[in-house]
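K.L.:
What follows is a structure written as structure tokens; I'll ask about it next.
Residue numbers (the working numbering): 2 to 170.
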């Protein structure tokens, strides 16, 4: 799919020098529909070429981080697209290729807010001594949208998997 191709390109092209990215992108997308491939390559290169987003793809960031945790009585399995770990905070970033980009965190689709709330919940258990933050990188607009903790935590609570006491632990 289009989204999978953009994710693949972001994951692999970020480690290459900018001059090598177009050829590598062509190779990585050679089995994709040519019309979708061209659009996905342009979108990906635009994101990777944006200096304001370069910290997301720095060599010390973690890509495609598998995550397993408990969500109430149920297991949670997920893959965080990019994880930035510092001594005082953790930033989990998910890439989204939606054609329509919300203008604020409050207008994000509920499912995305719940997903990011689940990631934040799991990361709190792994890193209890650090501030946990989440954000969405909208590849279509090349914009990073920080998601307030209260917004994603409230969305997760609305799933019914956790009660308010479990959320705080």
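Note that the Cβ used here is the ideal one computed from N, Cα and C, for glycine as well.
Enumerate in chain order the residues of its own chain whose CB-to-CB distance from residue 57 is below 8 Å, with the five nearest sequence positions on each side excluded.
P.N.:
The residue you call residue 57 lines up with position 56 of the chain shown. Counting only Cβ-Cβ distances below 8 Å, and skipping sequence neighbours, we find 83, 85, 94, 138, 145.
K.L.:
Suppose the cutoff is 6 Å on Cβ atoms and the five residues either side in sequence are ignored; what does the same chain contact list for residue 17 look like?
P.N.:
To locate residue 17, count along the chain shown from 1; it is residue 16. Result list for residue 17: 25, in chain order.
K.L.:
Using alpha carbons as the reference points, say which of 112, 131, 127 lies closest to residue 153.
P.N.:
Against the chain shown, residue 153 aligns to sequence position 152. Selected option, being the one with the closest Cα: 112.
K.L.:
Buried or exposed, going by whether 16 or more other CB atoms sit within 10 Å of the CB of residue 166?
P.N.:
Numbered from its first residue, the chain shown carries residue 166 at position 165. For residue 166, the predicted model reports a pLDDT of 41, less than 50, meaning its position is unreliable; a value from the coordinates is still stated below. Counting Cβ neighbours within 10 Å, residue 166 comes out exposed, since fewer than 16 surround it.
K.L.:
Count the other CB atoms, across all protein chains shown, that sit within 10 Å of the CB of residue 126; report buried if there are 16 or more and exposed otherwise.
P.N.:
Reading the chain shown from its first residue, position 125 is the one you call residue 126. By the neighbour-count rule (16 or more Cβ atoms within 10 Å), residue 126 is not buried but exposed.
K.L.:
What span of residues does the alpha helix (DSSP H) with residue 152 cover, start to end?
P.N.:
Counting from 1 along the chain shown, the entry for residue 152 is found at position 151. Where residue 152 is concerned, the enclosing alpha helix (DSSP H) stretches over 150-158.
K.L.:
On the three-state DSSP scale, how would you describe residue 136?
P.N.:
Start at 1 with the first residue of the chain shown, and residue 136 comes out as number 135. It is a strand residue.
K.L.:
Select from 36, 38, 120 the residue whose C-alpha is nearest the C-alpha of residue 67.
P.N.:
Counting from one through the chain shown, the residue named residue 67 turns up at place 66. Among 36, 38, 120, the Cα nearest to that of residue 67 is on 120.
K.L.:
Exposed or buried, which one is residue 63 when buried takes at least 16 other CB atoms within 10 Å?
P.N.:
To locate residue 63, count along the chain shown from 1; it is residue 62. So residue 63 ends up on the exposed side.
K.L.:
Would you grab the beta carbon distance between residue 96 and residue 11 for me? Rounded to a whole angstrom, and I think it's under 8 Å.
P.N.:
Residue mapping note: residue 96 aligns to position 95 of the chain shown, counting from 1. Residue mapping note: residue 11 aligns to position 10 of the chain shown, counting from 1. 6 Å between Cβ atoms; contact.
K.L.:
Should residue 151 go down as buried or exposed, given a rule of 16 or more other Cβ atoms within 10 Å for buried?
P.N.:
In the chain shown, counting from the first residue as 1, residue 151 sits at position 150. Its Cβ having fewer than 16 others within 10 Å, residue 151 is exposed.
K.L.:
Less than 7 Å between the beta carbons of residue 140 and residue 27, yes or no?
P.N.:
Numbered from 1 along the chain shown, position 139 holds the residue referred to as residue 140. Numbered from 1 along the chain shown, position 26 holds the residue referred to as residue 27. Cβ atoms of residue 140 and residue 27: not closer than 7 Å.
K.L.:
Check whether the Cβ atoms of residue 148 and residue 160 lie closer than 7 Å to each other.
P.N.:
The residue given as residue 148 occupies position 147 in the chain shown. The residue given as residue 160 occupies position 159 in the chain shown. No. Outside cutoff.
K.L.:
Assuming contact is defined by CB atoms lying nearer than 7 Å, are residue 90 and residue 132 in contact in what I supplied?
P.N.:
Translated into the one-based positions of the chain shown, residue 90 becomes position 89. Translated into the one-based positions of the chain shown, residue 132 becomes position 131. It is a contact, given that the beta carbons lie within the stated cut-off.
K.L.:
Since residue 127 is in the alpha helix (DSSP H), which residue starts that stretch and which ends it?
P.N.:
For the purposes of this step, residue 127 is identified with residue 126 of the chain shown, where counting begins at 1. Element bounds for residue 127: 111-127.
K.L.:
What first and last residue would you give for the beta strand (DSSP E) that runs through residue 90?
P.N.:
Your numbering for residue 90 matches position 89 in the chain shown. It spans 90-97 - the beta strand (DSSP E) in which residue 90 sits, taken as one unbroken run.
K.L.:
Looking only at DSSP bridge pairs, what is residue 75 linked to?
P.N.:
As a first step, residue 75 must be located in the chain shown, where it is residue number 74. 72.
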